[in-house]
Each structure stands twice: as structure tokens, then as C-alpha cells.
Amino acid sequence: MTLDLFIAGFGGQGVLLLGNLLAYAAILEGKNASYFPAYGVEKRGGAATCTVVISDDEVASPVVGRPGCAILLNQASLDKYLPRVRPGGWALVNSSLAEENLPRVAPIEVLALPLTELALDVGDARLVNLVAAGIWARKSQALTLASLESALRKVLPERNHRFIPLNVEALKRGAALIAS
Amino acid sequence: MTLDLFIAGFGGQGVLLLGNLLAYAAILEGKNASYFPAYGVEKRGGAATCTVVISDDEVASPVVGRPGCAILLNQASLDKYLPRVRPGGWALVNSSLAEENLPRVAPIEVLALPLTELALDVGDARLVNLVAAGIWARKSQALTLASLESALRKVLPERNHRFIPLNVEALKRGAALIAS
Amino acid sequence: MDQRLFVKGNEAVAMGALAAGCRYYFGYPITPQSDIPEFTARELPRLGGTFIQAESEIAAINMLLGASACGMRAMTSSSSPGISLKQEGLSYMAGSELPGLVVNICRSGPGLGGIDASQADYFQAVKGGGHGGYRLIVLAPHSVQEMYDLALLAFDLSDRYRIPAMLLGDSVIGQMKEALIPHPRAQVELPPKDWAVRGKQEGAPQRVVKSLYLGDGELEAHNWRLHERYALLEARETRWEGLHTDDAELLVTAFGITARIAKSAVRMAREAGFKVGLLRPVSLFPFPREAFRTVTLVTKKVLCCELNTGQMVEDVRLSVARDAEVYFYGRPPGAGSLPTPEEFAEQIARYCGGAA
Amino acid sequence: MDQRLFVKGNEAVAMGALAAGCRYYFGYPITPQSDIPEFTARELPRLGGTFIQAESEIAAINMLLGASACGMRAMTSSSSPGISLKQEGLSYMAGSELPGLVVNICRSGPGLGGIDASQADYFQAVKGGGHGGYRLIVLAPHSVQEMYDLALLAFDLSDRYRIPAMLLGDSVIGQMKEALIPHPRAQVELPPKDWAVRGKQEGAPQRVVKSLYLGDGELEAHNWRLHERYALLEARETRWEGLHTDDAELLVTAFGITARIAKSAVRMAREAGFKVGLLRPVSLFPFPREAFRTVTLVTKKVLCCELNTGQMVEDVRLSVARDAEVYFYGRPPGAGSLPTPEEFAEQIARYCGGAA
Amino acid sequence: MTKVVIDECRCKGCALCTLGCPQGLLRLGRTLNRAGFFPAEMIPGGEVKCTSCALCAQMCPDLAICVFRQKKSA
Amino acid sequence: MTKVVIDECRCKGCALCTLGCPQGLLRLGRTLNRAGFFPAEMIPGGEVKCTSCALCAQMCPDLAICVFRQKKSA
Amino acid sequence: MSQVEIPVFTAPRSLKPVVTHFCPGCQHGTVHRLVAEALDHFAVQERTIGVASVGCSVFLYEYFAIDVVESPHGRAPAVATGVKRALPDRVVFTYQGDGDLAAIGTSEIIHAANRGEALTVIFVNNTTYGMTGGQMAPTTLAGQQTSTSPYGRDPANDGSPIRMAELLAQLDGTRFSARVAVDSPRHVIQAGRVIREAFATQIQARGFAFVEVLATCPTNWGMNPVQANQRIAAELIPCFPLGTFKKIESQS
Amino acid sequence: MSQVEIPVFTAPRSLKPVVTHFCPGCQHGTVHRLVAEALDHFAVQERTIGVASVGCSVFLYEYFAIDVVESPHGRAPAVATGVKRALPDRVVFTYQGDGDLAAIGTSEIIHAANRGEALTVIFVNNTTYGMTGGQMAPTTLAGQQTSTSPYGRDPANDGSPIRMAELLAQLDGTRFSARVAVDSPRHVIQAGRVIREAFATQIQARGFAFVEVLATCPTNWGMNPVQANQRIAAELIPCFPLGTFKKIESQS
Ligand SMILES: Cc1ncc(C[n+]2csc(CCOP(=O)(O)OP(=O)(O)O)c2C)c(N)n1
Ligand SMILES: Cc1ncc(C[n+]2csc(CCOP(=O)(O)OP(=O)(O)O)c2C)c(N)n1
Ligand code: SF4
Ligand code: SF4
Ligand code: SF4
Ligand code: SF4
Ligand code: SF4
Ligand code: SF4
Ligand SMILES: [Mg+2]
Ligand SMILES: [Mg+2]
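Those sequence lines, one after another, are chains X, D, Y, U, A, G, B and E.
If you're matching positions, the first sequence starts at 454 in the working numbering and goes up one per residue.
If you're matching positions, the second sequence starts at 454 in the working numbering and goes up one per residue.
If you're matching positions, the third sequence starts at 214 in the working numbering and goes up one per residue.
If you're matching positions, the fourth sequence starts at 214 in the working numbering and goes up one per residue.
If you're matching positions, the fifth sequence starts at 290 in the working numbering and goes up one per residue.
If you're matching positions, the sixth sequence starts at 290 in the working numbering and goes up one per residue.
If you're matching positions, the seventh sequence starts at 38 in the working numbering and goes up one per residue.
If you're matching positions, the eighth sequence starts at 38 in the working numbering and goes up one per residue.
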């Protein structure tokens, strides 16, 4: 089984952390995973994207032309990257910041959810990445919340460990959306 | 017709000037000529060598493996370079400074003359190169003294033009040795 | 719990170097490799080693030259423009027969270019970007694990043959994360560094590390000695990976990140019924010429994929059997120009002819 | 009296550059090319031009970059170690599409090496010693006259294609003297330098000289543009000299000083009855691939002679007809190691088989 | 009538202008702009106290502030 | 008995020692050495005036001069 | 009788009306404006050529409405030398960061100054390599933590911060050398004045002029812009004193 | 009772008993001797590593009986940094010419000094590029004719001679910086003392020490050795004053 996932948003939305987190969790579950970031030259506000591949086998290419899934956190990402999703794949779109150009009839499934609002609801707009993580884990059934929680401890720098409870809360809130 | 000539001595004997002079005179006579110097890293006292090729045709290689003629102005040059002279060729050896290892029976003709003494006789040990030039021109019959004299004006830096009469004197002294 | 770490390629290469006993890092920041100096700045002081952020790439390669002349395992790293600046120093190290590790995490060019992955420095690395016709040992990792493993190997080869080694990576391999098992250094026996300067002891002969040879025939002889060692490298130390080469009608070849992409493409193509194999050079110098020759005695079509406009393909053409056809597919690097597995798979289909 | 001067190759190249309208020289001393800065230091002030002895080779290439960005014909010169230091600057000039002349009077290496003639920088010159997969226009003079003529040509080609040009000489060609006829500059029509910075005039669009391309696909497109121009160069500007190629059983090939030596060797061999010809590449990039292919459709044996351990021979192998055999004879450079015509002639006899 | 015009699109919410104003008339607003920053704004009633000294603008790294002086004209 | 020993083979005839001697005891000789230089020598009778101050040797770039002092010993 | 609004502060025309890529609070923006104002002041925009360096200010041409040449990292003074010698009547300036000028480009700046090239050099000292993510620079303060001095810069291992304005003032070719800061309205206004002087040096006296500007890099200092700005007075100025270190009025 | 001869001046044992390749009157020979005497003085020959540069002194290893590493032109301070960091208890010195140190190697010497590397740097300033045949150096005097300043060095085009000893004294990492000459017995003896101090700085205080030695290049000055020697007092010292510009005694 190989899952590939493309994540895009603007700097500050935690795109790279999200990719890191999912890949690390997969490693903790004994799978193979690759995480590959790409960002512009700008330090702030620019676009951030990354690709995660999770597989029971060795991961061949960490670069994916047409991902099976995409998490798109703002309008620019939606416009640019949604068409790349493989037919039969699915996308999670942050409808708080991106609603135009959502395809009506399409060969892919689009799950549009107000991720930023959900995050604000948990306590901080920046938790949008963890809400998305929860949703993705549950919907793809690729990772358990437990391994995500352990991975959090690894990918967050020590000084941010105090935010872990809030992060976990956001994860769960996301997951719950799919469970229901 | 192609003539090639290898000249060697120590720095200060005017080896490079001699090569330059012969090649330039050939040019003035409407021939083709190449001059190619080679010297060690030392500024003073090191070995100096050069190769001159004079030809009615285009000069092919300015580098010559086995020259038809060699002018060898000291012992070290004699030892190192005499064996390179082509069978059938000839060498002019400065017997003032080199007398050992002169071949007795050899496939080449060796003309051993006390060039430094002759030069001293003209007025300065450093005229050894011009004495040699006169000998070579006359013996090889490749260049006239007149073109050598014109060439002198070209190859000597302006500030040394006052020495031209003395130089010409040395040239003639050399040439005279062959005429006789 | 397994022993796997999850780290960046750049961190892995630094960990590999430290595991190899390297205790000297000299470098200058440049994206996309600055994780390497950042890692060594953090770790070397703890190990009693030395980290110097040099004033320039040129100073860094020359500090490496100095430390290596004393017999120490030492390294530097940079990315394309910075590696261009090291060419004189590399030529001196090669001429002085000094080992050492230089990591190039290539970015796109020419000039300032961009920070995206590139393979356009292949020629520079394997043919000699510096003057004088020397060669480097050039290894091309294609995974985070290999960043670590080949760093270890590079030090051993470099010490054994007294030839500087280069790891030729790219910004994907440097920036990506995947699992790493940090094996300890294997025990290998290496010749003593009896050429290293150390302050001549009483009665001991003087030691000089130099590349200047002025006596008649000396430099030529020195160069022949170096070239004999290059021949030895080719005979003994060539490394490559083969995949499905037995029944392949088309052989794909690629190194580094394009090899990873090609692996996916080959998988896709095999699933689609194409008889395609892969030959991945791991050592770019020495180049696995013999492997190419052998495989192409049977497989007559080769597709070389590169992230440039055609460099390794020349070595492939010079290696294959005389009647083999070599095709090239490449793109110059740049933002948004990383080829995809789908793209390579299309090329495979194009050349594989009568397929499924 | 004829109009021939009797000058050094190094002086000839400087005279050619001045005749081409070059009025800016930036350089740093190094044997065996210091005659070039010495000549331009003397002559340029008289012509209202600028001579700067830069603080380093790196500063020199970047001054050249600056003057060229203003649309001026400008040059630098150096020898092998100094050229290694210019690799980053050359890559920037190539990436910024800036013309200019760089003269490399090669000396022996690697490292400090020696000051004797060398051809071991062939790869560096033609494959790209700097990063990023760019190419230079590389011309290889083999006489004092060509030092002059090719300097003129280099400026024209460089301006027309906006690709930096390199003259690849060696210390024999640089230091030897022979006759020179200083032809005046031929009138050729060149595209206007409407890209050069000059202080934007009122209303005029801004001009920027740069190599940085960060937008999606921009750098790739830029690189393809450069590569199309390289293809154009190959189609239009390849230059070579052929000698006795019609009836040759063995084709000798060599460039620069070894071509001169080979000319004598071919003459000797012809006199001895061997059917041997010569194909001398004058442009090393673009390489006369088509000429090699055409000749080797008939002449099936090629002997490549170089003053290195085998560099141009790769391009020869990549160019010849598939069933042609390519042999190599070379020596690494160094004091006392210049090959002789006799030596090459021996090799010719060896490969020419059934001869006289 | 406004003396200080803050371009919301250019403002990056760095607050350096708030340090610069000798009258303390500037602060960061509470609504994000399109780029995701909280742009600066004048405190209510600040216009009156503003001396058009432009020190706020001197501090702004992003040229987000223009300053005008009112002058009676015939 | 000699205080100043000039190594003819090392001497390059630069004459800097002649500048260095406060007593003016040194000069260049008139016969070329093997390397083609005129080596320095002491003027006749110089030995007596020589103070073994070694200033000549200090000036010699080629270590061609050794200096000794005579001392009575039991 | 009505009221009119007279603009007392608007953008200089030598800058394009675009939003920069600089981080919030990054004072490259301030220095860009001051340079543009100087070009406006002397009305030389149309005959100015900017020489960009490699660092966060690499996009000079995106912001200045002037002709620009890009340089390899550290080599701007050499590139500018080529430009100025080719077009001696143009106004030529380089804009360089502390990594660019005080590390890799040390040789080029020293020799351009020593030759007395008629250039204006704007040197933005933010004590770190901004663009590459905050590594130690030659100007990093003792004890300052950066990504390559994680335990703080240690003078015993890494040396002490280098003072370029003072160093360059030593050279005969330098006609003007000064250090300013942009951390307060007073300092900003003074910096503008000094930058004008540096251009005047080139335009009138045809000599080498150098201005070092102490500026923030909030992102890599790990501070918000206000804290970063305060660090200039608290830590930078004590190590890098403000002032004019050399000023030669006469024509060369 | 008899007379014995006590040697008052003999060759230092750190030098090999060979004839050098230097031109007649070239004072590289003098400086070699003074360095060797310093090594003898501290009895460190067996633990000294010399770092050679490119210039007429490139054959350091032919003359000194010590271990030597060759450096690319100008990079000796970087190479020496690598050596000293690898073997901190060895005595490490570079020996560089003015082309090497003050032109191409400017950046390396400045940053080695600024880092306070515990090196001794011997800098032979003969105002020209000796080995390559007498081109202009950054230290060439105004008006001096060389092969690349055939009309005399013109400060307006070429800049003025650079004073490295003073410049390096400015840097915090430099603990000792001085300039000496070897044109008279008094100066030679004093030069020897200063060179000893520079080694003492490294051996005792572990800091960066720099000695600039004014010396002749008769060959490229186009003078005989005696004239060349006289030029030092007449022309060089007025431009390059002798003296100690920095001396910090304490341990670092
Ligand atoms: C030869 C080379 N080395 C390194 C780099 C990477 N690099 C880009 S910008 C930079 C330094 C930026 O620092 P600074 O000059 O202080 O400018 P800032 O971004 O702080 O304004 C470096 C090292 C490069 N582009 N080229
Ligand atoms: C990279 C490089 N550039 C140039 C040279 C040529 N070169 C050799 S020595 C030298 C300068 C010698 O001058 P200096 O350092 O003053 O030493 P000196 O011979 O005067 O003692 C130069 C330019 C070189 N070897 N390498
Ligand atoms: S113009 Fe002056 S008073 Fe008005 S807001 Fe700005 S700083 Fe304050
Ligand atoms: S200084 Fe400028 S960018 Fe910063 S908050 Fe004020 S207006 Fe906005
Ligand atoms: S030792 Fe003194 S007195 Fe004697 S020769 Fe030498 S310099 Fe003169
Ligand atoms: S100083 Fe030395 S080399 Fe010169 S003449 Fe005197 S003894 Fe000879
Ligand atoms: S990284 Fe620093 S210098 Fe660069 S734009 Fe951001 S704040 Fe400015
Ligand atoms: S060229 Fe000059 S520096 Fe070199 S050995 Fe001769 S005199 Fe000495
Ligand atoms: Mg900075
Ligand atoms: Mg010198």
C-alpha cells in the first residue's frame, strides 16, 4: 500500500509541520515514509508546499506528479494544485480561505471544511494544520491518533511542548468530523 | 627548405636573444620562422633554452624532438642536449666552457670553438651569443649578415641600441671563423 | 520500537561524516545545504571537534586542505556556486594527494539560478571543474540512508586512495526526510598516513605536502601515478544498483533524485507491462562502465534521465556496447521543473516499443 | 618589406582584442600569460581604454562582468589555477547572457603544477568548470596568427550569441614568436546591445542584467533558451581545419600546440608513405562533430593526440561513425614532457598498419 | 482632511510606526488584512492631535504611511 | 686564525656585506666563481682590523659568511 | 478660502510602487527608501546604475526603478568597478549585506576602496546572514546565538565582530566612511542625510564613499520587530559606534 | 695556552645547508635566516609546521628543515588555520609575499587575524610580484614603474600603496603587528628581535602575530643589489613606517 499526499498553503499555516507530522507518525507505525518540502525564497507569507509518501514498501519517488490526495489550505493553493490530484483521489480544502473554483462535477472527491474556523474554535488559527491532520488520518485510515500524538512530541521543538494538549485537541476535533 | 636549431646555455649568455635574432632575421628575409623559449622557474643563473625553426614553407611544429643543429654554450647544455641532435646534423659547442664529453666519432659534426674567449676578445663575455650567431649564419648559409644586422635593431630594446656596433663586430668575428 | 531516525538528508550526511570520525568541519552558508554546517556547529563542539564558519567557500576548502595535510578527517559542504569557488582548492588537494570530503547539494543555475534541485554539476564533479586533469571520487546518494552510508564510504575511499571525495547530492535529497538507521563505522584497514605533516620529529625525515613539481619529467610522472590510481578505482571501487536488468528491453539509467523518480516510473511501467530495467550508478567516478557494457550486450536500448540537458548521458554513450542505442530525457532545473514519475513513465513507454 | 610582425602569441591575442575594439582589460598576473596584461597596460591608456590590475582573478572576472553588462567589449586573461577561480564568475556571465573574452594560457597541473604547456583544462573549458550546465564558446588557436584572428572572431561570436568566449591556448602558443599579419577588424553586423544597462533614460524601460529566475518554470525556460543558442552555434559556427583527409587511412586529430606538433608528424609520416590525414578542431565548443562523422564514414581509424591523459578524445568518440576506432595518445604535461613530432609519428606508424 | 494615510495593503503590522509617533497616536488594528497582518491604525481622535510630523512614516520600513499637512489656501 | 670565512660557492656577489662592514674591510673579488658571480673577499690586511662584529654576516642574504672570535684558552 | 493637503511624506519616485518581500519590520525597506530619496534628491535616477548583491536585498531591481546589475555573492564592488569604469559619468552604487561585504566579499570591498573607485557603497549590517536563515556573520555580536553559533558567538573560536566602517576609513582611497542606524526617527533622518552625503561624495568629489547602516533582521533574531528595533540601541550601537570616520572634501 | 675560535655567526640549524634559488641580493634569504633563528631560539624546529605561499618563497621546504604545507596563492592563512586547528600545540607560521597576502589573499589574512588564529605571519613586502616578473602589487609605491604600471603607479587609477601592518592592527584578533626592514645591520638585528617576538606571541600568548618585512627585489626593481638596498631607506620606509603597531601581552 502506498499513499501520497500533497499539502499546500501559505507560510504560517504550518504546512511543513503537518507534512513532517504525518510522515513521522507513519515511521512510528513501522511504515516507510518520505517528506519533501518546497518553498519560495521569501521567509514569510510565501507559498509553502510539501509532499508526503507513506508506504509499506520502500518509497520510490518522494516526488509525486499527481498525488492521490491534497490538503489545500488557501485559495492560491486550491487554484494551482487541485487539478493535479489523481482521478479517483480526494482533496481536503480549507473552505474558510478558499471557496472559489471548487469543482462541481469532478473525477475527484472534494471535502471542503472551514478548517481555520475550526482551528479558531479550538483556540488559535494556527492550529489549522492539526485539524487537517486529524481529518486526514481518520479519512485515509492510514494513521492512528496515538501515533500522531507520539509524533507530535518528536516534531515539535522542546520549547513548544507546552502546546501539545491544545494540538491534540485540534487533532481530535478534526478526526471527529470524519467519525461523525 | 626547413632548418631547425636548438640553443641552450645558462641565463645571462643571451640564449633567448640569440634565438629571437635568428628567427627575426629569417622573417626579414621573407621566410617563415618560429621561436619558442623554455626556461626554468629561476630568474637568474638557471638554464635557458630555445628552439628556432626557419622554413620556406609554413612552419609546422615549433617544437623539435631531434634538431638538425644545436648551439650549446656551456657544459650542462652539452651533456644534456648534444645526444638529441639528429644524425647528420651538427652542433656548435662553446669550448671555453664545455669541453668534456665531446664525441670523438659521431654521426654528427661538432664544431667546438672558444666562443667566450672570442667574445671577450671583442670586448665582453656576454657577446658570446652574437659570435655564435655569426658562425651559425655563415655555416648554415641560411641568413645574411645584413639581415642579422637589421634584426638586431628590432630585437634589442631601444636603450641598448648603443651597443649595436659592438654586436655587429662580434657577429662578423664569428662569421669570419667560417669564411676562413 | 525500531531504531530508525527520521531526519533530513543534509543531517544524515553530517551524521555519517561524524560517524566516520570526521572532527573538522569548515564551511560557508548556502541554501539548500546550510543544515550541514548548522548540524556540525551544534554537534562538533560536544565531540571535541572543530567547527569553523569560514569567511568564504575558498577559505573553507583551504582550511580543509590544511587539516587534511595534518592527517585529519575533515570536510566541507556547499552548493553549486560555492562549489565553483572551490575548484582551485580541489585541484590543489588532488595534486597534493590529500583526502577529504566535499559535499555538493546542487541547486539550479547557471549563475545565481535558484535553490531547486539540479544535476547540472555532473560534468564539473566528474570531469574536473578545476584545472589540471585530476579526478575526484564522486558518489551520488539517492536516499537519506545513502547520504549517511556514502559519507562513511567516501572517507574510507578517500583515505585509501588519497583522492578527495565528493558527494554529489541535490536539494531534494538534502531537504527531504526519511528513515535513517545510523550504522556504526565498519572497521576497515587503511594505510597509515605517513605522509602527513606533524612537525618533524628529531631525526625523522621532513614531510612536505605539495603539488609543485618542476624537475624534468617529475610532474608527468606524478600525473601518471595519479592516473594509475584512477584506474585502480575503476577496477575495484565502482558501485551501482541494478533493478530488473535480466529481462529488460529498455534500460533506464539515472542517479540521485532522478533515480528515485525513475524507480517509481519503472514500477509504473512494469505494472503496465513494459519490460524495463534500471541501472543506477552510485559511483559517478569511477563510472560503472563495465556494468553498462555488460547489460547492453543484451539490452540494446538505454534511456538516460537527468535533471539537466545531458551530461551523464555522455558517459553512458561511452560505456555501452557499440550497437546499443542511447536516448536522453532531461530538463534543466528550476522552480516548478522537477520531473515526475509520470513524465519518465511516458518516456519509457515511448522507447519501450512493443509493450503490453 | 612585408607587413609581418614578429611577436609572441600572448602579444598577438592582446593585439587582436584591441583590434576587435576591446578597450577594457581586467586581470591578475600569472605565468605564462603575463605578457597579456603587460601589453594592455602599455597600450590601453594610449587608446583611451582602461587597464586594471585586479586584486585577484575573481575580482577581474567580475569587473569584466560589470563592464560587459554596460555593453562594452572587455576581456580578462589568466592561466589554469587562475581560470579555476573564475568558474563562478563565468557561470554568472553565462547565466546573465553576457559576452566577453577570457583567455586561458594553460599551464600544467593539477594544483600549482608547473608553467609548462598543458591541454588538461579541455574538460573545464568545454564541459563547464562552473556550476549549472552552461557552455562557453571555446576556440583553440594553434599559431600566433590565430591568437590574433581568433580573438577577433571570439568577440564577434560572443556578442552575437551573448555567450562568453574562451580562447584556450597553452604556454607554447603563448610564449612562442612567429610572424603575424595584423588584419583590421572585419565589418560584421551584430545585433544591438539593447539589453545593456546604461542608466535608464526618461521613459525607457528598466534594464536588468541577472541570472536569478525564481518564478515557476522561468529558470527552465531560460536554460532552454540558452541551449537553443548552443544548438545554433553548433549548426553555424563550427570551425576546423582538414589536411589530407581525402585518402587518409588514419585520421590524426589534435588542437592547439599538439596540432602543430601533429602537423610535423603527419608530414614525416606522409614522407614515409603512410596515408595519414589531420582534422584539427578550431572551435572546441561547438565541437566539429559533423566533420568527424563525415570523415569517419570513410576513414575508419582515428588517433587523438593530446597533452593530457585523454579529454578531447571523449568528444571524438562521441562524434565518429559508429564503426570507427578511436585511439588515444597523450601525456600529462610537465617540465620536459612536451611531446615531439617524432613521438607522434611513431604512433602514426603504429596505427597506420600496412604502410610504405 | 486626513493627515496620516496608512495603506492597509502595504502594512505588515510591524508596529514600528507606533514607536515613532511622539504623540502615541498609532496602534495595530484587530482585523487581518489580505496578507494576514494586523495593519496599523490611528487611535480614535488621533487626527486632531496629529502634528503631521511624519516621524511615524520615517519609521515605516514598508512605505505604508503617507503624511499630509493642511494648509489654508485662498 | 680567520675571523671571517666567506663561502665562495654560496656567495652571489651582491656586495651587501661590503655595505655592512663598519670598518669597510670587504669588497668583491675579481675572479668568477662556478656560478658566474664575483664573490666577496676581505681586503688585504683586513683580518687585523676585523672586530668580529658579524655585521657583514647580518647583511648577507645567502649565509655565505661565518664569523669567529678568537679567544685565549688555557 | 479652503484647505489643501500638502504632502509632507510620500514615496520617492526612484522606488516602484510595489510591496516588498521583506519580513515585517525588516529595515532593508527603510534603507531602500533612504537610498531612493537620495537619488531623487540629486535627480540622478535616470543615470544611476545599482549593483545588487546576494542576500535579502537581491531583488533590488524589483523595487528600484533604475537599471541594475546582479553580482555574485560578495563581488558587487568588483562588478561596480567594471560598471563605473565603463560609464564614468553614471552614478553607481552597491547595496550589500554583512555576509556579502564583510565575509566573502572582504577582498573586493577593501580593494575597491583602496583604488578609490568612485562608488557609493550601502552596507546593511544586521549582524547575520538573513537570506540563508540566520547564520553567524563576521559582524555577529559576541555571545549572539545564531544557527551556526548555537552556543553564542565565542570570540576565542569565531573572532570578534568586525567594524568595517572604521577599517575602510584607514584606506587612502576612501573619501567618506560613516555608520548610522535606523532604529529611531532621529537616527533614520540622520541616516538619510549621511546617505545623501555618500552620494554627494561620488557625484561631486568622485571618490569612494561608504555607509554602514545598523538594521534589524527580526526573523532571524527570533524577535518581534519592536524588540528587534530596541536591540539596535541596546546591543548593536555599543559595539558598532555611530559616527563619521572619514570625510575628505577636496576633489581627488 | 692557545687560541680557540668561537663562532659568533653561523647558519641556524633550522635551515638546510643548501644554496637558494634567490637572485643575488634578494632579501628573502635574509628573512629566511631570521625566521630560522627564531625557531632555533625557541627550540621549536621539531614541532613547527611552515605554510608556504606562492611567490619567490614557494620553495620554503627546500630551505627550511621543517615540515611544510603548500598553499594556493593567497590562501596560506586559511591553510594555516586548518593546520593549527588540527594540531594546536604545534608552532605554525605562514610566509607570504605582498602579492600573495595583500592582493589575492586579502580576505584570508583579514579573517585569520580577526578570528585571532594563533599563527605567526611573516609578510615580505618587496613592493612587487617577484616571481611572475615584476608586476604592480598593492604595495607598489606611487609612481613606481613595473611591468603592469609602465607609466608609474597612478594613485588615481591604481590606488595607493596599502599598509597591511597598520590595517591588521585594527582587528581585535591581532595581538602583535609590526613592520621592520632588513636594509642595514641595525635593522636586520631589530627585525630578528621582532620576528622572535612574533613567534613568542604564538608560543606564549597563543594569539595572531604579524610581521611585515620591507625587502628588496633587485631583479624586478631593475637595480643592482646595493642600489636596491638603498631604495628601502630612501623610498620604502617613508611610505611604510617602521614600528610596532600593536602588542597585547596578556593571554587570550
Ligand atoms: C558563492 C555563494 N555563497 C553563498 C551563497 C548563499 N548566500 C546567499 S545570501 C547569503 C548571505 C546573506 O547575508 P547578508 O549578506 O548579511 O545579507 P542579508 O540577507 O542579511 O541582508 C549567502 C551566504 C551564495 N548565494 N553564493
Ligand atoms: C591563483 C594564482 N594566481 C596567480 C598566480 C601567479 N603568481 C605566482 S607568484 C605570484 C605573486 C608573487 O608576488 P609576491 O606574493 O609579492 O611574492 P614575491 O615573489 O614578490 O616574493 C603570482 C601572481 C598563481 N600561482 N596562482
Ligand atoms: S505624523 Fe507625527 S504625530 Fe502624526 S501620527 Fe505620525 S508621528 Fe504621530
Ligand atoms: S511601520 Fe508601517 S508596516 Fe509597520 S505597522 Fe506601521 S504602517 Fe504598518
Ligand atoms: S665581522 Fe665586522 S669588522 Fe669583521 S668583516 Fe665583518 S663586518 Fe667587518
Ligand atoms: S653579502 Fe653574502 S652573497 Fe652578498 S657579496 Fe657578501 S658574502 Fe657574497
Ligand atoms: S530574513 Fe531578515 S534581513 Fe531578510 S527580509 Fe527577513 S528580516 Fe529582512
Ligand atoms: S625575483 Fe625578486 S623576489 Fe624573486 S628571487 Fe629575484 S630578487 Fe628575490
Ligand atoms: Mg546580513
Ligand atoms: Mg612581492
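Beta carbons: idealized from backbone N, C-alpha and C, even for Gly.
Predicted model, so just to flag it, every value in this text is computed and none were measured.
Can you tell me whether residue i is buried or exposed, with buried defined as 16 or more other CB within 10 angstroms of its CB?
i: PRO536(X); result: exposed
i: LYS338(A); result: exposed
i: GLY261(U); result: exposed
So, at 6 Å on beta carbons, what are the nonlocal neighbours of residue i in its own chain, with the 5 sequence-adjacent residues on each side left out?
i: ASN21(E); result: No answer is possible for residue 21(E): the residues shown for chain E start at 38 and end at 289.
i: CYS518(Y); result: ALA467, THR471, ALA475, TYR542, PHE557
CB-CB under 7 Å to residue i, same chain, minus the five flanking residues each way: which ones, in chain order?
i: GLY309(A); result: LEU344, CYS345, GLN347, MET348
i: ALA227(U); result: ILE249, PHE252, THR253
i: LEU97(E); result: GLY87, ALA89, VAL105, TYR132
i: ALA73(B); result: PRO49, SER51, LEU52, PHE101
For residue i, which residues of its own chain have a beta-carbon under 8 Å away from its beta-carbon, when the five flanking residues on both sides are left out?
i: LYS221(Y); result: ASP248, VAL357, GLY387, GLN388, MET389, LYS390
i: PRO520(X); result: ASP457, LEU458, PHE459, THR504, ARG537, VAL538, ARG539, GLY542
i: ALA572(X); result: ALA578, ARG579, LEU580, VAL581, LEU583, VAL584, ALA623
Kindly indicate the opening and closing residues of the beta strand (DSSP E) around residue i.
i: ASP104(B); result: 104-107
Return yes when the Cβ of residue j is within less than 8 Å of the Cβ of residue i, no when it is not.
i: SER269(Y); j: SER293(Y); result: no
i: LEU365(U); j: LEU218(U); result: no
i: GLN247(E); j: SER197(E); result: First, the residue type needs correcting, since residue 247(E) is Phe and not Gln in the sequence shown. No; because the gap between Cβ atoms is not below 8 Å, this pair is not in contact.
i: ARG223(B); j: GLU249(B); result: no
i: TYR443(Y); j: LYS514(Y); result: no
i: LYS153(B); j: ALA113(B); result: One point to set straight first is that residue 153(B) is Gly, not Lys, in the sequence displayed. Against a cut-off of 8 Å, the Cβ pair of ALA113(B) and GLY153(B) comes out as no contact.
i: GLY167(E); j: GLY92(E); result: yes
i: THR177(B); j: THR169(B); result: no
i: PRO545(U); j: ALA333(U); result: yes
Got a sec, what are the start and stop residues for the alpha helix (DSSP H) residue i sits in?
i: TRP543(D); result: No alpha helix (DSSP H) contains TRP543(D), which is instead part of the beta strand (DSSP E) from 543-547.
i: MET133(B); result: Note that residue 133(B) is Gln in the sequence shown here, rather than Met. First-last for GLN133(B): 128-134, but that is the beta strand (DSSP E), not the alpha helix (DSSP H).
Q: Taking only beta carbons into account, state which residues of the region 218-251 of chain Y come closer than 8 Å to chain B, listed in chain order.
A: The region 218-251 of chain Y vs chain B, Cβ under 8 Å: TYR241, PRO242, ILE243, THR244, SER247, PRO250, GLU251.
Q | chain B contacts made by the region 194-208 of chain E, where a contact means CB separation under 9 Å | A | ASN194, ASP195, GLY196, SER197, PRO198, ILE199, ARG200, GLU203, LEU204, GLN207, LEU208: these are the residues of the region 194-208 of chain E whose beta carbon lies less than 9 Å from some beta carbon of chain B, given in chain order.
Q: Taking only beta carbons into account, state which residues of the region 325-357 of chain Y come closer than 7 Å to chain U, listed in chain order.
A: LEU325, GLY326, GLY327, ALA333, ASP334, PHE336, GLN337, LYS340, GLY341, GLY342, GLY343, HIS344, GLY345, GLY346, TYR347
**Q.** Within 7 Å of chain U by C-beta, residues of the region 77-106 of chain B in sequence order
**A.** GLU83, ARG84, THR85, ILE86, VAL95, TYR98, ALA102, ILE103, ASP104, VAL105, VAL106
Q: Determine which residues of the region 252-265 of chain B have a Cβ less than 7 Å from any Cβ of chain A, and write them out in chain order.
A: PRO262, VAL263
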